[in-house]
Amino acid sequence: MHPLPLARRSAILVAAATLAALAPGTARADSPAPAPIKNEGAGWYLDSGGDTSSAKAPSYTTKYTGEPASAPGNLKWSYDASTKLIKNEANGWYLGSGGDSSSDKAPAYTTKYTGDPASAPPQLKWSYDASTKLVKNEGNGWYLGSSGDDYGKAPAYTTKYTGSPASAPAPLKWSISS
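Mapped onto UniProt numbering, the consecutive letters of the sequence shown carry residue numbers 1 to 178.
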C-alpha cells in the first residue's frame with residue numbers, strides 16, 4: 001500500500017483541524033471561560049452582589065481565599081472584547097456603571113440587560129487594557145476601582161481618574177483572564 005501523496009495528506013490534516021476548531025464545546029480564544037476578576041490593590045475579587053432586586057444588585061469585592069478555579073459563580077465573570085460586556089456567570093448580570101450623581105465616583109452595579117449584546121448601552125460597556133490593568137467605562141470614562149479597606153468586603157466603584165493610565169493607583173488595577 002502506497003502512502004498518500006503529500007498534498008492530499010496536508011489537505012486531510014487541514015480539514016481535520018478545521019472540524020476540531022468548529023466542534024461544539026471547543027474553547028475559542030475570543031471567549032475565555034468565566035474567571036474571577038482580581039483587584040491588584042487589595043487582592044479582592046469582584047462579586048455580583050446579592051439578589052435583592054431582579055433589576056440590579058450592587059457589585060462589591062470579597063476576600064475569597066480559595067482556589068480561583070473553584071470560586072463560586074458569583075465571583076466569575078467573562079469579558080467579551082467584541083461587545084465590551086462583562087457578564088457574571090452565576091446570574092447572567094452585566095456589570096455596569098452607576099448613576100451620574102457625583103463627579104468623583106458612582107457605584108458600579110449589575111443589570112439584567114436582555115437585549116442584543118452588540119446593542120447594549122454605553123454604561124454597560126467596558127474596555128480592558130491588559131498593559132495598564134485598567135477597566136474603563138465607555139459611557140462616562142470612569143475607571144472601575146475597589147473602595148475602602150474593609151477586610152470582608154468593600155464596594156466597587158468607578159472613579160474619574162484623570163492621570164496617566166500607567167501611573168494609576170493599585171485600587172484601579174484589575175487582572176482579567178483572557
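Idealized CB from N, CA, C, for every residue including glycine.
Residues bridged to residue i (per DSSP)
i    : result
S97  : A108
G145 : Y157
S175 : K38
L124 : In the DSSP output, where bridge partners are listed per residue, L124 has none listed.
Helix, strand or coil at residue i [DSSP, three-state]
i    : result
A130 : coil
S119 : helix
A33  : coil
A57  : strand
Terminal residues of the beta strand (DSSP E) in which residue i lies
i    : result
S78  : K76 to D80
Y113 : First-last for Y113: undefined, no H or E at that position.
L46  : Y45 to D47
N88  : L85 to N88
Backbone CA spacing between residue i and residue j [nearest angstrom]
i    : j    : result
S146 : G98  : 14 Å
S175 : P107 : 20 Å
A64  : N39  : According to the sequence provided, residue 64 is Tyr. The question's Ala does not apply to it. Taking the straight line from one Cα to the other gives about 12 Å.
W93  : A33  : 16 Å
Within 8 Å, do at least three Cβ pairs link the region 126 to 142 to the region 74 to 90? The way I'd put it, the region 74 to 90 does touch the region 126 to 142; three or more beta-carbon pairs between them come closer than 8 Å.
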